[in-house]
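Novice: Structure provided below as structure tokens; questions to follow.
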Amino acid sequence: MKRVFTLLHFCLLVTSASLITSCEKEKLDDVLSKEQLGNVAVSVANKTEIGTGSTFTLTGGELTVPVTVEFSSATAKAFTVQLSANSDTVANLISAGTLATGTVPISSGSFSIPTVLNVPIGVTSTTFNLVVSRSFLEVNYGKTVALALKMTNPAKGNTITSGKDVAIVTIKTSEAIAAEDVHYIGFTASTQLIPVNNNFILGSQDITIKVPIALTGLAGPTFTVDVTKDAAASQALITNGGVENAEIMASDRFSVGNGKVIFDPSKNSATLSVTTNFAQLMARTNKKWLLGLT
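Note that numbering that gives the first Met the number 0 has the sequence shown beginning at 0, numbered continuously upward.
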């Protein structure tokens, strides 16, 4: 009797173990089935044009374009997609005639995008931002600029719809930015007479001339402007009769520092310091010295 009970007990244990194994297999199959059913195809519009009436955000320093990524159905799980950009693609499209001649590729360093798109669960579309430097847009004002964006490697078994992995974003600069809002940088006057209104600082050996530079439009983040010596500008002033009894100062006789002027954040003005030796000016008191700058 004891032996029969033991065998019966053993059989019950085996049966229980089999049931547990079967249940675990069913759960695994169910999970795998859900994983397969939850896969989606990812796509992006092949071309997005930004101009009048388009959706974008413009600030003093940048333009932000939302790029929409769509899915074939609601996502059943969260996953990631890799993002990249390529200016060479735009150049090739211009050569092929797909994009208009004169279109300017958005240069590296003038834009930013996330390198990874995080897709949440339960959505049929999502967006990421392409951010383009306003300075780049204004330098190319009046032109159309473009950039190619590419999606790769959707995770967790998801796929990309054939032919829907690349988006060409074009921006019509004259429509994205109003003409009156374009920032222009220049000297506050085409000529500056020294001395006037204490616009110089006299040291023991040198004289430092303060040259004001102005920015039009709404000031944004800090930026730098390059200034170079320009003897041709001085010669043009003499040739055009703008000044008499003047002599052009040789470029090695005065300094503009490192040739860079920094505009502080939210500031519409900055100052360039030009330095020259005071003694050489006094040696020719009967002449006007011209220092050309660009």
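Where is the CB? At the ideal position from N, CA and C, for every residue including glycine.
1. DSSP on D180, reduced to helix/strand/coil?
2. Are the CB atoms of T79 and A154 nearer to each other than 8 Å?
3. Just list the residues that DSSP pairs S254 with in beta bridges.
4. Whole angstroms is fine: what's the gap from G241's alpha carbon to K286's?
5. Where does Q204 sit, in a helix, a strand or coil, going by DSSP?
6. Report the rounded CA-to-CA distance for A16 versus T123, giving the unit in angstroms.
7. Identify every run of the beta strand (DSSP E) within the region 35-102, keeping only runs that are complete inside it and at least 3 residues long; order them along the chain.
8. Using DSSP with H/G/I as helix, E/B as strand and the rest coil, what is T298?
9. The alpha helix (DSSP H) with I237 in it runs from where to where?
10. Just how far apart, CA to CA, sit G185 and G291?
11. Smallest Cα separation from S250: which of A218, N239 and S233?
12. For the pair the region 65-80 and the region 194-208, tell me if three or more CB-CB distances fall below 8 Å.
13. Give the DSSP-derived three-state secondary structure of E174 in the structure shown.
14. Could you spell out the range, first to last residue, of the beta strand (DSSP E) harbouring L146?
15. Quick one: give me the first and last residue of the alpha helix (DSSP H) that E243 is part of.
16. Measure from the alpha carbon of D205 to the alpha carbon of each residue in N38, V168 and T275, then state which is nearest.
17. Is the beta carbon of S109 less than 8 Å from the beta carbon of S132?
18. Check this for me: beta carbons of L289 and E246, under 8 Å apart or not?
Specialist: The structure says:
1. Of the three classes helix, strand and coil, the one that applies to D180 here is helix, per DSSP.
2. With a cutoff of 8 Å on beta-carbon distance, T79 and A154 are scored as near each other.
3. Looking at the DSSP assignment, S254 forms a beta bridge with T274.
4. Approximately 15 Å between the Cα atoms of the pair.
5. Annotated three-state conformation of Q204 is coil, per DSSP.
6. Any answer about A16 is weak, because its pLDDT of 46 lies below 50 and its placement is not dependable; what the coordinates show is given next. Straight-line Cα distance between these residues: approximately 43 Å.
7. Runs found: 40-43, 46-49, 61-70 and 78-85.
8. The first residue shown for the chain is 0 and the last is 293, placing residue 298 beyond what the model contains.
9. Looking at the DSSP string, the run of the alpha helix (DSSP H) that includes I237 is A230 to T238.
10. G185 and G291 have their C-alpha atoms roughly 14 Å apart.
11. Nearest of A218, N239 and S233 to S250, Cα basis: S233.
12. Segments in contact, no.
13. Helix, per DSSP.
14. Residues T143 to T151.
15. Segment: none, E243 is in no alpha helix (DSSP H) and carries neither H nor E.
16. Looking at the Cα atoms, T275 is the closest of the given residues.
17. Cβ atoms of S109 and S132: closer than 8 Å.
18. Judged by beta-carbon spacing, E246 lies within the 8 Å limit of L289, meaning their Cβ atoms are closer than that value.
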